[in-house]
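These notes are about the structure you will find just below.
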Amino acid sequence: MSEQATLILGDSRYELPVVEGTEGERAIDIRDLRARTGHITLDPGFANTGSCESAITFIDGERGILRYRGIPIEQFADGPNFVEVAWLLIFGRLPTEAESRRFSAELTAHANLDEGMKHHFEGFPRSAPPMAILSAMINALSCFYPELFELEDDDQFRCAAARLISKVRTVAAYAYRHSVGKPYIYPDPKLRYVSNFLHMMFSQPYQQHICDEAVRDALNLILILHADHEQNCSTSTVRIVGSSQANLFASCAAGVCALWGPLHGGANVEVLTMLDEIHRGRVTPEEYVRLAKDKDSKVRLMGFGHRVYKNFDPRAKMLGEVAERLLANLGREDPLLDIARKLEEIALSDPYFVERKLYPNVDFYSGIILRAIGIPTNMFTVIFAIGRLPGWIAHWWEQHQGSVTRIARPRQIYVGNTEMDYVPFDARG
Ligand code: CMC
């Protein structure tokens with residue numbers, strides 16, 4: 042007989058089924074708890090709540106393991122390109138060469154934006170945060186391709202996924218070009234995904250940007266390492282929005298907004314700001330760590346800690362190495378990398394961080410790499426979004442194909458006023 046959990050409430054006992062995942066993770070299935078007991082569960086931040094069953098990404102936070110569709114993240118270090126990994130995440134297995142070529146061709150075919158969309162960019166002030174533009178433009182895209190609202194079969198879905206993955210990169214580059222007052226550069230069909238993005242970011246109408254191989258590979262790996270991370274805040278947002286049967290574009294636009302926050306994707310910007318403040322001598326690494334431990338200061342060591350990892354985030358390890366390698370390849374030094382290493386050393390030998398199992402996360406080193414590539418700080422979280430998009434799409438699709446398609450609608454414990462009467466103005470004290 043399969044395992045059961047017993048819940049005792051007053052004089053009543055309830056047997057609840059225990060479900061087990063393929064890697065041994067166990068959960069008490071409470072989906073009919075309220076109907077049977079009249080009680081709900083209370084779990085702010087959902088730290089103990091499994092919102093779904095998913096076959097996309099596996100994380101073991103205690104052992105620092107991350108796998109996409111079963112493949113350890115480390116195996117992506119020197120091999121595939123981002124588009125192949127996107128395919129793997131979305132469709133559940135590695136593509137054949139023909140499938141990979143076909144998907145790449147679809148991305149190339151859909152890289153351009155409708156000319157009408159350019160006017161939308163013009164409407165934003167130069168100083169507009171690129172994350173705001175990205176989210177708005179993903180929604181705007183859906184207006185230009187309304188046939189993609191109704192995804193009735195696998196082919197239609199693949200076409201929508203290809204359009205979104207391809208165009209989001211063009212939108213991101215155009216948002217940057219608008220912010221610096223430079224002309225938009227059309228995608229070049231001869232270039233692969235990452236090189237094409239760098240071309241749209243940095244070429245001039247009169248001069249093609251020549252992309253350094255080391256830079257291209259570093260950005261490719263950054264995108265891969267950000268591509269999925271199971272039920273994080275933005276992915277859960279995509280699933281929640283998608284559960285109302287909102288379309289793929291609307292759901293991913295909501296994901297961008299969730300990612301923007303400084304405790305999630307926005308942390309990569311905050312890390313750079315922190316390192317820069319230390320570099321300018323406003324605060325020493327030791328003082329920063331002391332502030333981060335002080336509960337009255339509201340300061341956190343940005344790029345440190347994780348809801349799931351209670352050990353090294355494997356992505357941070359890989360990105361730390363990439364940062365070193367890229368700077369060496371470019372023959373450059375970055376004092377911010379030394380500061381990051383120093384902060385890491387101080388924090389990892391401090392009982393506050395050791396006891397709470399706080400380690401560098403994916404955002405700790407990514408900004409140093411992006412800075413070396415020449416990506417401006419306000420675009421860091423946009424790069425995260427480009428990377429995370431295949432994950433969002435994969436989760437949206439998994440949810441839409443699944444047998445459980447109920448709208449996400451948590452409950453609450455109400456702690457406000459009990460019933461009271463409305464009082465007219467002249468009778469209020
Ligand atoms: N600096 C100082 N103290 C910290 C930090 C930090 N970076 N992170 C967690 N803590 C402390 C926290 O104050 C708490 O202490 P206590 O038990 O004394 O109250 C304890 O560690 C547990 O923290 P928590 O806030 O309950 O943990 P959480 O799982 O709710 O939050 C987190 C996870 C990532 C939001 C948090 O660690 C954090 O704010 N880190 C800094 C921001 C950051 O780097 N975010 C990127 C996350 S990884 C990529 C992504 O998701 O986008």
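Following my numbering, the numbering of the sequence shown begins with 42 at its first residue and continues without gaps.
The beta carbon of each residue, even a glycine, is placed where N, CA and C say it ideally should be.
Under DSSP, the beta-bridge partners assigned to residue 54 are 49. Around the beta-carbon of residue 65, fewer than 16 other beta-carbon atoms lie within 10 Å, marking it exposed.
Ranked by Cα distance from residue 161, the options 125, 219, 146 are led by 219. The residue from 233, 301, 245, 266 with its alpha-carbon nearest to that of residue 254 is 233. Remark: the shortest separation between the CB of residue 399 and any heavy atom of ligand 1 falls under 7 Å. Scanning its chain for C-beta atoms nearer than 7 Å, with the 5 sequence neighbours on each side dropped, one finds around residue 299 the residues 274, 275, 278, 305, in chain order. Chain-ordered, the residues whose CB falls short of 6 Å from any heavy atom of ligand 1 come out as 86, 273, 304, 305, 306, 308, 333, 341, 342, 343, 344, 345, 346, 347, 348, 397, 399, 402, 403, 404. Looking at the DSSP output, residue 248 shares a beta bridge with 245. Excluding the 5 residues flanking it on each side, residue 267 has same chain C-beta neighbours closer than 6 Å at 425, 428, 429, in chain order.
In the structure shown, the three-state DSSP call for residue 101 is strand. Taking every protein chain shown into account, the CB of residue 90 has fewer than 16 other CB atoms within 10 angstroms, so this residue is exposed. Scanning 451, 370, 334 for the CA closest to the CA of residue 85 turns up 451. By the beta-carbon neighbour count (other beta carbons within 10 angstroms, threshold 16), residue 432 is buried.
A buried status is given to residue 293, since no fewer than 16 other beta-carbon atoms sit within 10 Å of its beta-carbon. For the pair residue 381 and residue 332, the CB atoms are not nearer than the 8 Å cut-off. With respect to the C-alpha of residue 193, the residue from 70, 442, 322 having the closest C-alpha is 442.
In this structure, residue 384 lies away from residue 413, with their beta-carbon atoms at least 8 Å apart. Bounds of the alpha helix (DSSP H) holding residue 215 are 195-220.
Put simply, the backbone Cα of residue 60 is about 34 Å away from that of residue 206.
Per DSSP, the unbroken beta strand (DSSP E) holding residue 67 starts and ends at 67-69. Here residue 440 really is in contact with residue 280; their C-beta atoms are around 5 Å apart, less than 8 Å.
The beta carbon of residue 236 sits closer than 8 Å to those of 252, 257, all from its chain and outside the five residues before and after it, given in chain order. By the Cβ-count criterion, residue 177 is buried, with 16 or more other Cβ atoms from all chains shown falling within 10 Å of its own Cβ. Using a Cβ-Cβ distance cut-off of 8 Å, the stretch 119-127 and the stretch 310-327 are not in contact, since fewer than three pairs of beta carbons, one from each stretch, lie closer than that value.
In this structure, the CA atom of residue 242 is about 32 Å from the CA atom of residue 191. With respect to the 8 Å criterion, residue 269 and residue 97 are classified as neighbours on the basis of their beta carbons. In this chain, the beta strand (DSSP E) harbouring residue 108 covers 106-109.
In the structure shown, the three-state DSSP call for residue 235 is helix.
About 5 Å separates the beta carbons of residue 402 and residue 354, which is inside the 8 Å limit, making them a contact pair. For residue 171, the secondary structure class from DSSP, reduced to helix, strand or coil, is helix. Excluding its 5 nearest sequence neighbours in each direction, residue 175 has C-beta neighbours in its own chain below 7 Å: 212, 213, 216, 297, 423, 426, listed in chain order.
Given a length threshold of 3 residues, the stretch 305-346 has no whole run of the beta strand (DSSP E) inside it. Around the beta carbon of residue 406, 16 or more other beta carbons sit within 10 angstroms, so the residue counts as buried.
Residue state for residue 423 is assigned as helix, using DSSP reduced to three classes.
Around the beta carbon of residue 295, 16 or more other beta carbons sit within 10 angstroms, so the residue counts as buried.
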